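Okay, structure first, notes after.
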Amino acid sequence: MVLALLLCGVVVLLVVAGLFAFGVRRRLIQRSGGTFDCNLRWDVSEEEAAEPKGKGWAYGIARYNGDRIEWFRVFSYAPRPRRHLVRGAIDVLERRSPLGEEEQALLSDSVVLACAVGTERVRVELALSEDALTGFLAWLEAAPPGQRVNVA
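Just so we're aligned, residue 1249 is where the sequence shown starts under the numbering used here, counting upward by one.
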């Protein structure tokens, strides 16, 4: 009986420590400022872009860092960003409301922004709030002189 209680106590302690670590990591990411909640879907196929099914979205936090955006998964312990988006390599393709099953997969006030990124022109979709979208588009348009920016 004592061993079972001790084992349950250790399990509860590990769960609490894991949740605490998530919170500390998020605070460390947000400490430098310029962060916003952002769902991301990377390398979207043409079929999925035409008829979204709500699959492939990952919830995360994006952070402005100079001429790039660093994207971190929320449910991860990794201290480094999972993806980088360089300002000069982003072309905005379209802006739309979530469709079909995406409405359940994304936050309630999200707007989906489809972009082509990098030299390979990988299609990336970002789902962010209206406020975050305004800041993102302003950041894109505020590129230094001589840098190519394509905002549809």
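No residue lacks a Cβ here, since even glycine has one placed at the ideal position from N, Cα and C.
Fair warning: this is a prediction, and the values are worked out from it, not measured in the lab.
As the crow flies, the alpha-carbon of E1295 is around 23 Å from that of A1337. Looking at the DSSP output, Y1325 shares a beta bridge with no other residue. Under DSSP, no beta-bridge partner is assigned to G1383. Take I1277, set aside five residues on each side of it, and the residues of its chain with a beta-carbon closer than 7 Å to its own are T1283, I1309, R1311 and F1320, in chain order.
Segment contact: the region 1381-1392 against the region 1328-1346, three or more CB-CB distances shorter than 8 Å; contact assigned.
Per the C-alpha coordinates, the member of M1249, A1353 and D1285 positioned closest to G1302 is A1353.
By the C-beta density criterion, C1286 is buried, having at least 16 other C-beta atoms within 10 angstroms.
Per DSSP, reduced to three states, the secondary structure at V1292 is coil, with no helix or strand assignment.
One Cα belongs to L1262, the other to E1342, and the distance between them is close to 44 Å. Relative to A1306, the option among R1316, D1291, N1313 and A1298 whose CA is nearest is D1291. C1256 counts as exposed, since fewer than 16 other beta carbons sit within 10 angstroms of its beta carbon.
Assignment of R1331 by DSSP, reduced to helix, strand and coil, places it in the strand class. Looking from the CA of G1348, the closest CA among V1360, D1339 and A1265 belongs to V1360. With distances taken between CA atoms, E1368 lies nearest to D1339 out of S1324, S1358 and D1339. Residue pairing by DSSP places G1308 opposite C1286 and R1321 in a beta bridge.
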